[in-house]
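Just below is one structure, and these are the notes that go with it.
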Amino acid sequence: MIIHLIGAGPNTKTFMNINRSDTDCLLVGVDNGAKYLMDEGIVPEAIFGDFDSLSENDLAELKNNVHHVFIYPPEKDETDLELALQWAISKQPDKIYMHCVTGKRLDHEFGSIALLIKFLDCNIPLYIIDEHNELYIIGAGDHQISKQTHFKYISFFSIGTDIKDLTLKGFKYPLNNHHLQIGSSLCVSNELAENEGSISFSSGIALVIRSKD
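So the sequence shown is numbered by our numbering: it starts at 12 and just counts up by one.
Pasting the structure below:
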C-alpha cells in the first residue's frame, strides 16, 4: 500500500499523476489539501486539519463523504501534516508521499523536511514531491539509486551531523570515503553516469534531493 498526503501548500497537482484505479493506494487531505482533492472530484480516505479556511458547505460535504475525519483546533503542538503522517505511519504502508508541502512559506517547507528526519527510523520510505523535486532522508549504510528521466540531478546534504566515509559510485562525480561537513556544497547537482549507482557512508544522515530544471 502507498499513502499520499496532500498538504495545504501551493497546489502543484502532482497528486493528479497518481493511478487512482490502484486499490492499494490511499489519498489523504491535510487541511486545505482536502479541498484540492475535492476540487478535482477526488474523495480522500481521511482528512486532517482545523479547516477554518473552508466554507461550511465544503466541510459538510467532506464530512459526509470521507471515511476518517480528524478535526483539530488551530493551536496545537503538532502541525496538521505531522498528525496526518503519524496516522499514515500507523497503517504500515510500503511508502508515503507528501505532496503540496513545499513552496511559498519557508517555515512550513522546512517543517515538512524536518518530519523526514524525525521519522527516519519508522522503517517506511518517506518522500516529499513537487513539480521539480523529490526529497528523502537516508541513514548510514549502503543505498542503491536508479537513474530517472524525470529527475536528472541528484544532490546530497549532511543533516544534523557530518557524514563520514561518503562513497558515491556510478555518478558523474564519484567520491571515495569523503568526510562531508554540514554546510558543504560539494555534493550539489551531481548526476548518475550509469543506470544504477550507490551511496554509502558509515555515520550521519543525508538529505537526498532529486531535481529537474
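Think of the CB as a built atom: it goes at the ideal place given N, C-alpha and C, for glycine as much as any other residue. Please read these numbers as outputs of a predicted model, since none were measured by experiment.
> Straight-line CA distance for Trp-98 to Phe-81?
Replying inline: One C-alpha to the other measures close to 10 Å.
> For Ile-14, which residues from the same chain have a beta carbon less than 6 Å from its beta carbon, with the 5 sequence-adjacent residues on both sides left out?
Replying inline: Same-chain partners within the cutoff: Leu-37, Ala-99, Pro-104 and Ile-107.
> Three-state secondary structure (DSSP) at Glu-142?
Replying inline: Note: Glu-142 maps to coil in three-state DSSP.
>> Here's the rule I'm using: 16 or more other beta-carbon atoms within 10 Å means buried, otherwise exposed. How should Met-27 be labelled?
In response: By the neighbour-count rule (16 or more Cβ atoms within 10 Å), Met-27 is not buried but exposed.
> Rounded to whole angstroms, how far is the Cβ of Ile-135 from the Cβ of Leu-203, which I believe are closer than 8 Å?
Replying inline: Rounded, the Cβ-Cβ distance is 25 Å, inconsistent with contact.
> Along the chain, where does the alpha helix (DSSP H) that runs through Ala-45 open and close?
Replying inline: Residues 43-50.
>> If the criterion is Cβ atoms closer than 9 Å, does the pair Cys-133 and Thr-23 meet it?
In response: No, they are not a contact pair.
> Is it true that the region 147-156 meets the region 44-51, where meeting means three or more beta-carbon pairs spaced less than 8 Å apart?
Replying inline: Per the Cβ contact rule, the region 147-156 is not in contact with the region 44-51 (fewer than 3 Cβ pairs under 8 Å).
> According to the neighbour-count rule (16 or more other Cβ atoms, all chains shown, within 10 Å of its Cβ), is Thr-160 buried or exposed?
Replying inline: With fewer than 16 other Cβ atoms within 10 Å, it is exposed.
> For the candidate residues Leu-70, Gly-122 and Ser-66, whose alpha-carbon lies nearest to that of Asp-88?
Replying inline: When each option's Cα is compared against that of Asp-88, the closest is Gly-122.
> Could you give the distance in angstroms between the alpha-carbon of Leu-73 and the alpha-carbon of Lys-158?
Replying inline: Rounded to whole angstroms, the gap between the alpha carbons of Leu-73 and Lys-158 is 40 Å.
> Between Arg-31 and the rest of its own chain, which residues show a CB-CB distance below 8 Å, the 5 nearest in sequence each way excluded?
Replying inline: Closer than 8 Å at the Cβ level, and outside the excluded window around Arg-31, lie Leu-38 and Ile-53.
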